[in-house]
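Please read the structure below before turning to the comments.
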């Protein structure tokens with residue numbers, strides 16, 4: 001450092017100083033890393049090394065062939081009742097015609113995108129079942145008619161096919177008389193493994209309120225959805241604040257926040273026909 005200062009005082013250029021500082025920082029980081037620890041510069045920038053793998057990310061993060069479909073419908077404000085009645089009829093009819101599809105949960109957004117509905121379906125045999133349902137909905141006259149009656153109430157709709165994170169497990173029917181929150185994240189490409197590694201530990205700090213965790217496969221990619229259950233908004237506040245008092249939760253947040261490009265939260269109320277209440 002003294003040599004750097006002398007070179008400046010003797011007329012050394014500004015560029016030389018910058019180059020020298022960069023060399024010093026780089027050398028320090030490399031020395032620390034070679035000594036068996038993570039370089040301090042890497043820690044500062046939250047740079048985590050991901051080892052190369054010959055397996056796809058989906059196989060590393062999910063241990064099941066089950067596929068989940070997320071459907072999000074924006075409904076006309078004056079068509080809520082006919083929409084709900086129509087969707088319930090459609091889902092019941094689909095269940096009667098095929099065992100390939102299973103409605104997991106159905107919710108109305110109360111805080112977030114109002115007049116929006118969220119539905120999650122499960123295909124236990126993965127893409128085999130998903131293909132069967134797509135064909136059935138396209139070719140069956142009754143389902144076609146019900147779908148046409150339903151869409152007149154909808155402004156817009158989109159869907160995704162997703163896999164469940166293995167450390168969350170599969171969501172099952174329940175009747176807690178609870179509210180739900182779906183937190184959705186768009187991640188930077190290439191960071192899904194790091195997200196999964198951190199949340200595999202982080203989920204243990206909030207296991208009691210965890211319902212489901214998914215990552216997208218078809219539709220918008222690099223997207224993650226976490227679903228939590230709470231008695232009410234006050235319960236949500238208390239549970240989230242309690243997590244911060246547990247050693248390790250702050251590290252999970254510190255390492256995952258830099259991976260996010262976009263995030264949103266939806267506060268959900270189950271519909272009358274939702275298997276998860």
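Residue numbers (the UniProt record's numbering): 1 to 277.
Ideal Cβ placement from N, Cα and C applies to all residues, glycine included.
Please read these numbers as outputs of a predicted model, since none were measured by experiment.
- prompt: Going by Cα to Cα distance, which pick from 164, 92, 104 is closest to residue 142?
  reply: Walking along the chain shown from the start, residue 142 turns up at place 142. Ranking 164, 92, 104 by Cα distance to residue 142 puts 92 first.
field: Own chain partners of residue 271 with C-beta closer than 7 Å, once the 5 adjacent residues on each side are dropped
entry: Working through the chain shown from its first residue, we reach residue 271 at position 271. Result list for residue 271: 84, 106, 107, 108, in chain order.
- prompt: Are the CB atoms of residue 100 and residue 164 nearer to each other than 8 Å?
  reply: By one-based count along the chain shown, residue 100 stands at place 100. By one-based count along the chain shown, residue 164 stands at place 164. No. Outside cutoff.
message: Across the stretch 150-160 and the stretch 198-211, are there enough close Cβ pairs to call them in contact, namely three or more that are closer than 8 Å?
response: no
message: Output needed for residue 269: all residues of its chain with C-beta closer than 7 Å, excluding positions within five of it in sequence on either side, in chain order.
response: In the chain shown, residue 269 corresponds to position 269, counting from 1. Excluding sequence neighbours, residue 269 sits near 107, 108, 110, 179.
Nearest neighbour of residue 206, chosen from 252, 137, 134 [CA to CA]: Here residue 206 refers to the residue found at position 206 of the chain shown. Taking only the C-alpha atoms, the option nearest residue 206 is 252.
Entirely enclosed beta strand (DSSP E) segments - the UniProt domain "NIPSNAP" (180-275), minimum 3 residues: 210-218, 223-230, 260-270
task: Give me the Cα-Cα distance between residue 45 and residue 258, rounded to the nearest whole angstrom.
output: Your numbering for residue 45 matches position 45 in the chain shown. Your numbering for residue 258 matches position 258 in the chain shown. Because residue 45 carries a pLDDT of 48, less than 50, the predicted location of this residue cannot be relied on, and no value is offered for it.
- prompt: Helix, strand or coil for residue 74 per DSSP?
  reply: Taking the first residue of the chain shown as position 1, residue 74 is located at position 74. Note: residue 74 maps to strand in three-state DSSP.
message: Going residue by residue through the stretch 127-155, where are the continuous alpha helix (DSSP H) segments of at least 4 residues, counting only ones entirely within it?
response: 127-139, 141-151
- prompt: Can you tell which of 122, 158, 220, 254 has the C-alpha that lies nearest to the C-alpha of residue 172?
  reply: Reading the chain shown from its first residue, position 172 is the one you call residue 172. The option with the nearest alpha carbon to residue 172 is 122.
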